[in-house]
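Inspection log for the structure reproduced underneath, given as structure tokens.
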Amino acid sequence: MRIATYQERLKRITSVGALLKETHDAQRTVSTVRSWVKSQLPPQLRMLPNGSRFVPHLHRKIQQAVDVERRLKMDFYKIKHRLNEDNRNAVAGLDL
């Protein structure tokens, strides 16, 4: 299963709407990865809340998705501020 990295998501963000879309997509990715990992676990581990911890390569996928989501949430306002500044500079550069 392919999980987009933080840098890949950051490159796709060009507006506040795209930032919201990427944040929500990261949240959806985490839940999708969790359900996919649960389906890959042996039956005796599926009912355990932390069953994926017993299978390191699957747990690594969950951690990767959670880290991307967490970092997007932490940097949300910083990215939004940068986008708003870029828009202001673009509008100020126009001679209206």
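Residues 1 to 96 (this note's numbering) are what the sequence shown spells out, left to right. Ideal placement from N, C-alpha and C gives every residue a C-beta, glycine not left out. As the structure is a prediction and not an experimental result, all values here were calculated from the model.
The closest CA to that of Met74, considering only Lys38, Ala26, Arg60, Leu48, is found on Ala26. Note that the C-beta distance between Val33 and Lys78 is not below 8 angstroms. Residue environment analysis places Ala65 among the buried positions, since at least 16 neighbouring C-beta atoms fall within 10 angstroms of its C-beta. Inside the region 31 to 56, DSSP marks whole alpha helix (DSSP H) runs of 4 or more residues at positions 43 to 46, from first to last along the chain.
Val30 is not a Cβ neighbour of Leu58, given a cutoff of 8 angstroms. Excluding sequence positions up to five before and after Glu22, its CB lies within less than 7 angstroms of the CB of Arg9, Arg12, Ile13, Leu72, all in the same chain and listed in chain order.
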